[in-house]
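This report refers to the structure that appears directly beneath it.
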Amino acid sequence: MIEISNPAKLAALKANAQTILGKLIAFPILGGESNSSIVDWIENYLNAHGVTFYNVPNEDGNKRSIHCRIGPAVDGGVVLSGHTDVVPVAGQDWHSDPFDMIEKEGKLYGRGTCDMKGFIACCLACLPEMIAANLKKPIYFAFSYDEEIGCWAGHALAKSIMNSYPEKPRFAIIGEPSEMEVITGQKGMGTLETTITSRGAHSSKIYTEASAVHEGAKIVVWLENRMEELIRSGKSDERFNPPHSTLHVGMFNGGIAHNIVADKCTVIWDLRTIPRDNLAEIVKEFSVYCSERIAIMRKKVPEFNITSKERFPLVVPLDTDTEAPVVKFVQQLTDRKTINAVSFASEAGQFAAEGFEAVICGPGSIEQAHRANEFIEVGQMEKGVAFMQKLIRQLS
Ligand SMILES: [Zn+2]
């Protein structure tokens, strides 16, 4: 159990966190959309408490991440990281307005309650206490955008934190819903759109022409074979389900008629890799295969081509050593002693890649994320603020 020195204070903090969560839920910002309004709100809140902050904008300037430091400019601080965007609600059977949080039977309903504005609300609710505590090591807030459509901002945010302050923070806690369990592993992820272009011709000429659809089918088979090789290589990682990397074609589109050799085909696929398989390496191997096919098919059709683009930058996996200091540190702050791994992508690997010791740990359950009637249990909010209180005590 977490020791609670002052239950009344904890109850007040939890109530405050719930109020803030209601405000954050009311910003219906989906991944891909401008997050200016919610960041404005957070900035006003920080300003009201006299906290200076940095922005990390996107290229168009319509979205921005935000980070700030509370406490002294000394090495060894702790970053608390969350994303401000949520997944869509369209087509889902919601029983209440997803952007108007309601409390019912010990649960707070609304889009983003567990994934992951609940964590952000816990951070913000405990801000006054962080300021009042005489922190010996600093706490940083780091809130991003467009996480839900491919972790677009995590890398730049992590980098900016490393470069904006004279001191070096050490730990990063990514508050994705884990019911406060420490998560040290996460699969890497990439989604690619591969387009095959050729020229149309009468289907009777298939032997001397180059069908984009036939080539697309070969790509599907290549991806499936590559996955089987990876499985057979024996590099399984039992922390994950499934315990191996996966390559999967989700969309396949090409051709206009049965009697026309297809001049175009699009294959949309994803790969999710265990940390021991190299995500970028597999993408490179795929591109070598495509180059070989281009060389062969151009002998028949000079304009034949295969191009691939990443729908979002590759999301690197997380593979923090279970003996790492960050694991022990975060375990002290929760009442969960188990360590786990998850198959969903998050920004944790991006923070690790920038030199932070990173783990995932946050209130709420991933079981409720992305679904209709998403909720976070009030008890989880309580655990979230208790976690913050304990963090403050550890760093004071
Ligand atoms: Zn999330």
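Quick note: the sequence shown uses the working numbering, first residue 1090, plus one each step. All residues carry an ideal CB built from backbone N, CA and C; glycine is no exception. Note that the structure is a prediction, hence the values are computed from the model and not measured.
Please report how far the alpha carbon of G1264 lies from the alpha carbon of N1394, in whole angstroms.
43 Å
Quick one, which of F1230, G1207 and G1166 has its alpha-carbon nearest N1144's?
F1230
Just grab the DSSP bridge partners of Y1378 for me.
Y1378 is not bridged to any residue.
Which residues in the same chain as D1366 place their Cβ atom closer than 7 Å to its Cβ, once the five residues preceding and following it in sequence are excluded?
L1319, K1324 and S1334
Please classify P1255 as buried or exposed, where buried requires at least 16 neighbouring CB atoms within 10 angstroms.
A residue is called buried when at least 16 other Cβ atoms come within 10 angstroms of its Cβ; P1255 does not meet this threshold and is exposed.
Using a threshold of 8 Å, is the CB atom of D1235 nearer than that to any non-hydrogen atom of ligand 1?
Because no heavy atom of ligand 1 lies under 8 Å away, the Cβ of D1235 does not count as near it: no.
Can you say whether G1199 is buried or exposed, counting buried as having 16 or more other CB atoms within 10 angstroms of its CB?
buried
Considering only their Cβ atoms, is the gap separating Q1439 from V1405 smaller than 9 Å?
Cβ distance < 9 Å, so V1405 and Q1439 count as in contact.
Between which two residues does the alpha helix (DSSP H) holding K1112 run?
P1096 to I1114
Express the C-alpha separation of I1308 and R1387 in angstroms, rounding to a whole number.
17 Å
For a quick check, are the C-beta atoms of R1400 and I1465 less than 9 Å apart?
Contact flag unset, no.
Under 8 Å Cβ to Cβ from S1126, same chain only, skipping five residues before and after it: list those, please.
Here S1126 has F1116 and I1118 as same chain residues with Cβ atoms under 8 Å from its own Cβ, once five neighbours each way along the sequence are excluded.
So, is N1330 buried or exposed, given that buried needs 16 or more other C-beta atoms within 10 angstroms?
It counts as exposed.
Report back the beta-carbon spacing between T1411 and I1383 to the nearest angstrom; my notes put them in contact at under 8 Å.
Not a contact, Cβ separation roughly 44 Å.
Counting only the same chain and skipping the five closest in sequence on each side, list residues whose C-beta sits under 6 Å from that of A1247.
Q1439, F1440 and E1443
Helix, strand or coil for K1226 per DSSP?
coil
My assumption, with CB atoms under 8 Å, is that L1224 sits in contact with G1160. Please give the rounded CB distance.
3 Å
What distance in whole Å lies between the Cβ atoms of M1205 and P1266, which are believed to be in contact at a cut-off of 8 Å?
6 Å
Entirely within the region 1385-1420 and at least 3 residues each: give me those beta strand (DSSP E) ranges in chain order.
With a minimum length of 3 residues, the continuous beta strand (DSSP E) runs that stay inside the region 1385-1420 are 1394-1399.
Just checking A1458 against ligand 1 - is the residue's beta carbon closer than 8 Å to any of the ligand's heavy atoms?
Checking the 8 Å criterion, the Cβ of A1458 is within range of a heavy atom belonging to ligand 1.
May I have the straight-line CA-CA distance separating A1210 from A1306, to the nearest angstrom?
48 Å
Could you spell out where the beta strand (DSSP E) holding Q1275 opens and where it closes?
V1271 to Q1275
May I ask you to check if the CB of H1138 is nearer than 8 Å to at least one heavy atom of ligand 1?
no
Nearest CA to the CA of L1102: which residue from V1419, G1343, F1260 and A1214?
A1214
What does the alpha-carbon distance come out to for the pair S1249 and E1122?
In a straight line, the C-alpha of S1249 is about 22 Å away from that of E1122.
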